[in-house]
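Q: One structure coming up, written as structure tokens, with questions to follow.
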Amino acid sequence: MAWIQTNMGRRRVDGDQNKDRLSDLPECIILHILSFLRTPHAVQTCVLSTRWKHLWKRIPTLNLNSFQFRTLKIFSVFMSKVLSLRDPSTALHTFNISRRGDIEPRLLKKFLNYVYFHNIHLQELVISLHGDIGLIFSCVSSCRALTSLKLSVGPTWRDPKKTLFPKSLNLPLLTSLDLEDFAFCGDESGCAEPFLEFTKLNSLVIRSCKVIDAQILNISSETLVNLDMQNNSSLFAKIKLYAPSLCAFNYAGSHHIHNIRGCGLSSIKQVNIESVHFSASQEDALVLFSWLLDFANIESLTVTSTALQV
Amino acid sequence: MAEEVSSQMNSLSISETNPSSSATISLVSGDDIVFKVEPTIAKEMETVQSFIDETDGKITTIPLPNISSHDLPYVIEYCEKSIAGKITKEFEAEFVKKLNNEEVKELFLAANYLNIKKLLDFLSQVIADRIANKSVEYVRRYFGIENDFTPEEEAKLREELAWTFTGVDPDDEDEN
Chain A
997 MAWIQTNMGR
1007 RRVDGDQNKD
1017 RLSDLPECII
1027 LHILSFLRTP
1037 HAVQTCVLST
1047 RWKHLWKRIP
1057 TLNLNSFQFR
1067 TLKIFSVFMS
1077 KVLSLRDPST
1087 ALHTFNISRR
1097 GDIEPRLLKK
1107 FLNYVYFHNI
1117 HLQELVISLH
1127 GDIGLIFSCV
1137 SSCRALTSLK
1147 LSVGPTWRDP
1157 KKTLFPKSLN
1167 LPLLTSLDLE
1177 DFAFCGDESG
1187 CAEPFLEFTK
1197 LNSLVIRSCK
1207 VIDAQILNIS
1217 SETLVNLDMQ
1227 NNSSLFAKIK
1237 LYAPSLCAFN
1247 YAGSHHIHNI
1257 RGCGLSSIKQ
1267 VNIESVHFSA
1277 SQEDALVLFS
1287 WLLDFANIES
1297 LTVTSTALQV
Chain B
130 MAEEVSSQMN
140 SLSISETNPS
150 SSATISLVSG
160 DDIVFKVEPT
170 IAKEMETVQS
180 FIDETDGKIT
190 TIPLPNISSH
200 DLPYVIEYCE
210 KSIAGKITKE
220 FEAEFVKKLN
230 NEEVKELFLA
240 ANYLNIKKLL
250 DFLSQVIADR
260 IANKSVEYVR
270 RYFGIENDFT
280 PEEEAKLREE
290 LAWTFTGVDP
300 DDEDEN
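Residue numbers (my numbering), protein chains in the order written: chain A, 997 to 1306; chain B, 130 to 305.
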């Protein structure tokens, strides 16, 4: 955001003099504050005064969570209204949509179309819902300006199957990726390497994911700084990690600890290992011990007590 | 207003130029208290840094007439943590716990004036959290907005946008 000289005047006298200073701010700063609100609250600011009547239509962010709405019908009407009334010339930077359970195909199409037509400036996309996966991915892959992507999607909420992570998702500017409930597919050599295309990746979160047709998950990135792995399936045994820029690594597991082969982890400073139900096997203890050898340079290590019992 | 401030800055800075103290930067609050900070801190404050750059680093005393000696230490603390890479959720929660509504607004304006993007984003989130779910009157007071709608106009608007006022988690009029 460009710096704008604001009319601040003197302060610290009494409440009265400070009173109207925030509302004196230029529109772009107020829109910036409003972009941190959930969209229903942002729209409600239209009744504050005549200046604010149409302000919400120019917010660069949409935050829609179905749990805020009493019924799916209300959510559906709200989303349709917002998308049709929003100022079409205002760039959309962030779209965050979460709907627990299935979404009507018509509503999904409306949302994806809107994203598709605003994809030039879209930097951040959060999609958490169940619907046509093919449509969702073809839309996501059109958003070439994305720097941050968070996905938790499946065909239908009744189907607990993991969604196959597409190999051809090419988002050249992506720095932050957060995936939940995905399956990564291995290649001929029995190794899955799903993140190779993302050459600017800085932060990676993998939650409740699994690897299919492979024994090894390969994470190799020159740029990765933060890695967070939570509750991933223990069906694959090994993780190969090459990340010379990695600073912080969080690992939370439940029943099994992955065998991690780290190399080039010279920048790592902080490691958190959290686990609730490790089977206290000697094997796990050895794995944990080999981890600690890989992380020889760390400054801070947090290990939960149950993990230490192994 | 913009011109007035920049001319004030020039005259004050030139009169206080002292090449021997170039290792640290002196930030002078609106109530004339001097805060000495490392140049790395000044880098976090884009407004200060661009001022230093414009004078090729000769001027190291920067007057900040819009920022009080009450607020400036908070800004410096946040910048220090940011450089050290120690901005955590815990730190931010502790940081904001110390601040009342008025102070949050003051700091927001300071962050905007100094153009510190991270602090501005963080405080935007804090303000958003503090006005979400509050009554219209509360939010008007928070921002200092004068209601220039007639009651009829406001009622009509609420009716037109009924889809955002009904079925969504309601305003808490009690929190006024």
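Glycine is no exception: its CB is placed at the ideal position from the N, C-alpha and C atoms.
From the DSSP output, read off the bridge partner residues of Y1247 (chain A).
A: Counting from one through the first sequence, the residue named residue 1247 (chain A) turns up at place 251. Answer is A:M1225 and A:I1269.
Q: In angstroms, rounded to a whole number, what distance separates the CA positions of A291 (chain B) and L1104 (chain A)?
A: Residue 291 (chain B) sits at position 162 when you count from the first residue of the second sequence. Residue 1104 (chain A) sits at position 108 when you count from the first residue of the first sequence. Spanning the two alpha carbons is a distance of roughly 23 Å.
Q: Which residue marks the beginning of the beta strand (DSSP E) containing P280 (chain B), and which one marks its end?
A: Mapped onto the second sequence, residue 280 (chain B) falls at position 151. Taken as a continuous stretch (DSSP letters only), P280 (chain B) belongs to no beta strand (DSSP E), being part of the alpha helix (DSSP H) at P280 to E289.
Q: Per DSSP, L1213 (chain A) is paired with what?
A: Numbered from 1 along the first sequence, position 217 holds the residue referred to as residue 1213 (chain A). Looking at the DSSP assignment, L1213 (chain A) forms a beta bridge with A:A1188 and A:I1235.
Q: Would you report the Cα separation of Y271 (chain B) and S1031 (chain A), rounded to the nearest angstrom?
A: Reading the second sequence from its first residue, position 142 is the one you call residue 271 (chain B). Reading the first sequence from its first residue, position 35 is the one you call residue 1031 (chain A). Going from the Cα of Y271 (chain B) to the Cα of S1031 (chain A) covers about 17 Å.
Q: Quick check: what's the CA-CA separation for L1118 (chain A) versus H1089 (chain A)?
A: Here the question's residue 1118 (chain A) lines up with position 122 in the first sequence. Here the question's residue 1089 (chain A) lines up with position 93 in the first sequence. L1118 (chain A) and H1089 (chain A): Cα-Cα distance of roughly 4 Å.
Q: Using the beta-carbon count (16 or more within 10 Å), is K285 (chain B) buried or exposed?
A: Here the question's residue 285 (chain B) lines up with position 156 in the second sequence. With fewer than 16 other Cβ atoms within 10 Å, it is exposed.
Q: For F1133 (chain A) and P1162 (chain A), what's the separation of their Cα atoms in angstroms?
A: Within the first sequence, numbered from 1, the residue matching residue 1133 (chain A) stands at position 137. Within the first sequence, numbered from 1, the residue matching residue 1162 (chain A) stands at position 166. Spanning the two alpha carbons is a distance of roughly 8 Å.
Q: Three or more C-beta pairs under 8 Å: does that hold for the segment 1126-1144 of chain A against the segment 1170-1189 of chain A?
A: As far as the Cβ criterion goes, the segment 1126-1144 of chain A touches the segment 1170-1189 of chain A, which means the pair count is three or higher.
Q: Closer than 8 Å, Cβ to Cβ, to anything on chain B: give me those residues from the segment 1028-1040 of chain A, in chain order.
A: Those residues of the segment 1028-1040 of chain A that come within reach of chain B (Cβ to Cβ, closer than 8 Å) are H1028, I1029, L1030, S1031, F1032, L1033, R1034, P1036, H1037, V1039 and Q1040.
Q: For F1291 (chain A), which residues in the same chain have their Cβ closer than 6 Å to its Cβ, ignoring the five residues on either side in sequence?
A: Along the first sequence, one-based indexing puts residue 1291 (chain A) at 295. Answer for F1291 (chain A): I1264 and V1267, listed in chain order.
Q: Can you tell me whether L1051 (chain A) is helix, strand or coil according to DSSP?
A: Position 55 of the first sequence, counted from the first residue, corresponds to residue 1051 (chain A). Reduced to three states, the DSSP call for L1051 (chain A) is helix.
Q: I'd like to know whether the C-beta atoms of K247 (chain B) and I216 (chain B) end up nearer to each other than 9 Å.
A: As a first step, residue 247 (chain B) must be located in the second sequence, where it is residue number 118. As a first step, residue 216 (chain B) must be located in the second sequence, where it is residue number 87. Yes, they are a contact pair.
Q: Specify whether the segment 176-196 of chain B and the segment 1203-1215 of chain A touch according to this definition: at least 3 beta carbon pairs, one from each stretch, less than 8 Å apart.
A: No: the two stretches stay apart, fewer than three of their Cβ pairs being nearer than 8 Å.
Q: CB-CB under 6 Å to T153 (chain B), same chain, minus the five flanking residues each way: which ones, in chain order?
A: As a working mapping, residue 153 (chain B) is identified with position 24 in the second sequence. Closer than 6 Å at Cβ, skipping near neighbours: K165.
Q: If we cut at 9 Å on Cβ distances, does W1153 (chain A) have a partner in chain B?
A: Here residue 1153 (chain A) refers to the residue found at position 157 of the first sequence. No, its Cβ sits nowhere closer than 9 Å to a Cβ of chain B.
Q: With a threshold of 9 Å between beta-carbons, can W1048 (chain A) be considered close to chain B, or not?
A: By one-based count along the first sequence, residue 1048 (chain A) stands at place 52. Yes, because at least one Cβ of chain B sits closer than 9 Å to the Cβ of W1048 (chain A).
Q: Using a Cβ-Cβ cutoff of 9 Å, what residues of the segment 265-277 of chain B are near chain A? List them in chain order.
A: Those residues of the segment 265-277 of chain B that come within reach of chain A (Cβ to Cβ, closer than 9 Å) are V265, V268, R269, R270, Y271, F272, G273, I274, E275, N276 and D277.
Q: Since L1027 (chain A) and L1051 (chain A) should fall inside the 8 Å C-beta cutoff, what is the C-beta to C-beta distance between them, to a whole number of angstroms?
A: Counting from one through the first sequence, the residue named residue 1027 (chain A) turns up at place 31. Counting from one through the first sequence, the residue named residue 1051 (chain A) turns up at place 55. Yes, L1027 (chain A) and L1051 (chain A) are in contact; Cβ-Cβ is about 7 Å, under 8 Å.
Q: Between A:P1168, A:S1148 and A:L1165, which has its C-alpha nearest E1159 (chain A)'s C-alpha?
A: The sequence position of residue 1159 (chain A) within the first sequence is 163, counting from 1. The question names Glu, yet the displayed sequence has Thr at residue 1159 (chain A). It is A:S1148 whose Cα lies nearest to the Cα of T1159 (chain A).
Q: Given a limit of 8 Å on CB to CB distance, which residues of the segment 221-246 of chain B reach chain A?
A: Listed by position, the residues of the segment 221-246 of chain B near chain A (Cβ gap below 8 Å) are E231, K234, E235, F237, L238, N241, Y242, N244 and K246.
Q: Would you check if the segment 193-211 of chain B and the segment 236-254 of chain B touch, i.e. whether three or more CB-CB distances between them fall below 8 Å?
A: Yes: the two stretches touch, three or more of their Cβ pairs being nearer than 8 Å.
Q: In the DSSP assignment, the alpha helix (DSSP H) including N1109 (chain A) goes from what residue to what residue?
A: Reading the first sequence from its first residue, position 113 is the one you call residue 1109 (chain A). Looking at the DSSP string, the run of the alpha helix (DSSP H) that includes N1109 (chain A) is P1101 to F1113.
Q: Could you tell me whether any Cβ in chain B is nearer than 9 Å to the Cβ of R1203 (chain A)?
A: By 1-based counting over the first sequence, the position of residue 1203 (chain A) is 207. So no, R1203 (chain A) is outside the interface.
Q: Verify whether the separation of the beta carbon atoms of V265 (chain B) and Q1064 (chain A) is less than 9 Å.
A: Numbered from its first residue, the second sequence carries residue 265 (chain B) at position 136. Numbered from its first residue, the first sequence carries residue 1064 (chain A) at position 68. No; because the gap between Cβ atoms is not below 9 Å, this pair is not in contact.
Q: Can you list, in chain order, the stretches of the beta strand (DSSP E) that have 3 or more residues and sit fully within the segment 1037-1083 of chain A?
A: Taking only runs of at least 3 residues, the beta strand (DSSP E) segments lying wholly in the segment 1037-1083 of chain A are 1057-1061.
Q: If we define contact as Cβ-Cβ less than 9 Å, is S150 (chain B) a contact residue for chain A?
A: Mapped onto the second sequence, residue 150 (chain B) falls at position 21. Caution applies to S150 (chain B), whose pLDDT of 45 falls short of 50 and renders its modelled position unreliable; the model cannot decide the point.
Q: Please state the DSSP three-state secondary structure of F164 (chain B).
A: Counting from 1 along the second sequence, the entry for residue 164 (chain B) is found at position 35. In the structure shown, F164 (chain B) sits in a strand (DSSP, three-state: E or B).
Q: Which one of A:G1182, A:S1185, A:G1186 and A:E1193 has the shortest CA to CA distance from L1167 (chain A)?
A: Mapped onto the first sequence, residue 1167 (chain A) falls at position 171. Cα-wise, what sits closest to L1167 (chain A) is A:E1193.
Q: Once the 5 residues before and after G296 (chain B) are set aside, which same chain residues still bring their CB inside 7 Å of it?
A: Along the second sequence, one-based indexing puts residue 296 (chain B) at 167. No residues qualify anywhere along the chain.
Q: Does any residue of chain B bring its CB to less than 9 Å from the CB of T1143 (chain A)?
A: Residue 1143 (chain A) sits at position 147 when you count from the first residue of the first sequence. Not one chain B Cβ lies under 9 Å of T1143 (chain A).
Q: Here's the rule: buried if 16 or more other CB atoms are within 10 angstroms of the residue's CB, otherwise exposed. What is S150 (chain B)?
A: Locating residue 150 (chain B) in the second sequence gives position 21, where the first residue counts as 1. Residue placement at S150 (chain B) is flagged as unreliable, the pLDDT there being 45, under the threshold of 50; the coordinate-derived value follows with that caveat. Its Cβ having fewer than 16 others within 10 Å, S150 (chain B) is exposed.
Q: Apart from the five residues just before and just after F1178 (chain A), which ones in its own chain have a Cβ nearer than 7 Å to its Cβ?
A: Counting from 1 along the first sequence, the entry for residue 1178 (chain A) is found at position 182. The residues are K1158, T1159, F1161 and C1205.
Q: Our contact map puts V1136 (chain A) next to L1170 (chain A) with C-beta atoms below 8 Å; I'd like the distance itself, whole angstroms only.
A: As a working note, residue 1136 (chain A) is residue 140 in the first sequence. As a working note, residue 1170 (chain A) is residue 174 in the first sequence. Actually they do not touch by this definition, with Cβ atoms about 11 Å apart.
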